[in-house]
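Numbering of the sequence shown is given in the UniProt record's numbering, commencing with residue 1 and proceeding in unit increments.
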Amino acid sequence: MDDMPFTPADLEALRRAHALLDTPGLAVRITNLIGTPVEKLLDRLPAGWSGQIGKVTRLALSKAADAALFTLNDQPGNSSSNRWHKIGAAATGGVGGFFGLAGLAVELPISTTLMMRSIADIARSEGESLSDPGTRVACLEVFALGGKSAADDGAESGYYVVRTALARAVSQAAEYAAGQVAVEHAAPPALMHLITLVAKRFGLQISEKAAAQAVPALGAAGGALINTLFIHHFQDMARGHFIIRRLERRYGKQAVRAAYEALGQPRED
Numbered sequence: 001m002d003d004m005p006f007t008p009a010d011l012e013a014l015r016r017a018h019a020l021l022d023t024p025g026l027a028v029r030i031t032n033l034i035g036t037p038v039e040k041l042l043d044r045l046p047a048g049w050s051g052q053i054g055k056v057t058r059l060a061l062s063k064a065a066d067a068a069l070f071t072l073n074d075q076p077g078n079s080s081s082n083r084w085h086k087i088g089a090a091a092t093g094g095v096g097g098f099f100g101l102a103g104l105a106v107e108l109p110i111s112t113t114l115m116m117r118s119i120a121d122i123a124r125s126e127g128e129s130l131s132d133p134g135t136r137v138a139c140l141e142v143f144a145l146g147g148k149s150a151a152d153d154g155a156e157s158g159y160y161v162v163r164t165a166l167a168r169a170v171s172q173a174a175e176y177a178a179g180q181v182a183v184e185h186a187a188p189p190a191l192m193h194l195i196t197l198v199a200k201r202f203g204l205q206i207s208e209k210a211a212a213q214a215v216p217a218l219g220a221a222g223g224a225l226i227n228t229l230f231i232h233h234f235q236d237m238a239r240g241h242f243i244i245r246r247l248e249r250r251y252g253k254q255a256v257r258a259a260y261e262a263l264g265q266p267r268e269d
């Protein structure tokens, strides 16, 4: 299987996935939207923010993993409804923008669940079965694929670097999920370990989003725009991730990784 040549359509899909996953990070997108570097806004966050955001982010991911995947029919290949999920995210972002940091604890679990549902929808459209424990865990994995941020070392933020770092935790969580009908509210150690690892990276993106939504001049309308940008960013990550997984099922992981990484190499004249 690893020696099978890529069809033209699959090679084009791989190029699309590479373009999506290699896109500028959320910080760059927010900066382009509001015209102020996110790095400066992060400095305005309250003391002790990082500890608070860690707790809120882990809780949001736990709730999203518990609820979102079970509201979709398991029909692989259906088109994803990205637009409707963006509308929902915009509405919750308006709440966050109106109440600022105080509204984050209310808004984040809702918006994260909407994002998880959208990610699962995209997974399904790329041929994934939502009854497969590996798919459910892969949906969680997307939240760690948020692109490069101001706090990232570029060498630590590449798509396959992140997947490799999460590989053991992903495998253990999938093994747990394979023996369970649903994720329990009191998450087991294997799943909680993965959520904790993912939350560390996702928390960076949440901090950037919260810092932008806390700008008084933006208000509810600005919060809605930022949340729409936020979910759009992770929809891109999900599309790229599940295209890669679809190709891996056909050509094998090693062949797809080699072809993906070759796309990032400078071309020789």
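By construction, the Cβ of each residue, glycine as well, lies at the ideal position given by its N, Cα and C atoms.
Since the model is a prediction, treat every value here as computed from it, not as a measurement.
Neighbourhood of residue i by C-beta, 7 Å cutoff - its chain only, sequence neighbours within 5 removed
i: R29; result: L229 and H233
i: A105; result: V56
i: A199; result: G54, T57, R58 and L61
i: C139; result: L69, M116, I119, A120 and A123
i: A178; result: P133
Contacting residues, own chain, Cβ-Cβ under 6 Å from residue i (five flanking each side not counted)
i: residue 271; result: The structure shown has nothing for residue 271, since the chain only spans 1 to 269.
i: L20; result: D236, R239 and G240
i: P109; result: A60 and K63
i: H193; result: A169
Proximal residues to residue i (C-beta, below 8 Å), its chain only, five neighbours per side dropped
i: L14; result: F6, I243, I244, L247, V256, A259, Y260 and L263
i: D10; result: L247, R250 and Y251
i: G203; result: S50, I53, G54 and T57
i: I195; result: R58, L61, S62, A65, L140 and A187
i: L197; result: A144, A165, L166 and A169
Reference residue i; option with closest CA among the options
i: T31; options: Q265, K209 and E107; result: K209
i: D43; options: N227, S207, R136 and T113; result: S207
i: G127; options: M4, Q265 and R249; result: R249
i: N227; options: T113, V161, Y160 and Y159; result: T113
i: T164; options: E175, E107 and A144; result: A144
i: T23; options: G158, S129, I195 and Y176; result: G158
i: Q265; options: R201, E175 and H18; result: H18
i: E175; options: V137, K40, L45 and G203; result: V137
Distance CB(residue i)-CB(residue j) smaller than 8 Å
i: A169; j: M116; result: no
i: A167; j: A190; result: no
i: A212; j: I34; result: yes
i: Y251; j: M4; result: yes
Assigned exposure category for residue i - 16 Cβ within 10 Å defines buried
i: G93; result: Below a pLDDT of 50, predicted positions are generally treated as unreliable, and G93, at 45, falls in that range; the measurement from the model is reported next regardless. Flag for G93 reads buried.
i: S111; result: buried
i: S171; result: exposed
i: residue 276; result: Lying before the first or after the last residue shown, residue 276 is absent from the chain, which here runs from 1 to 269.
i: S131; result: exposed
i: H185; result: Below a pLDDT of 50, predicted positions are generally treated as unreliable, and H185, at 46, falls in that range; no measurement from the model is reported.
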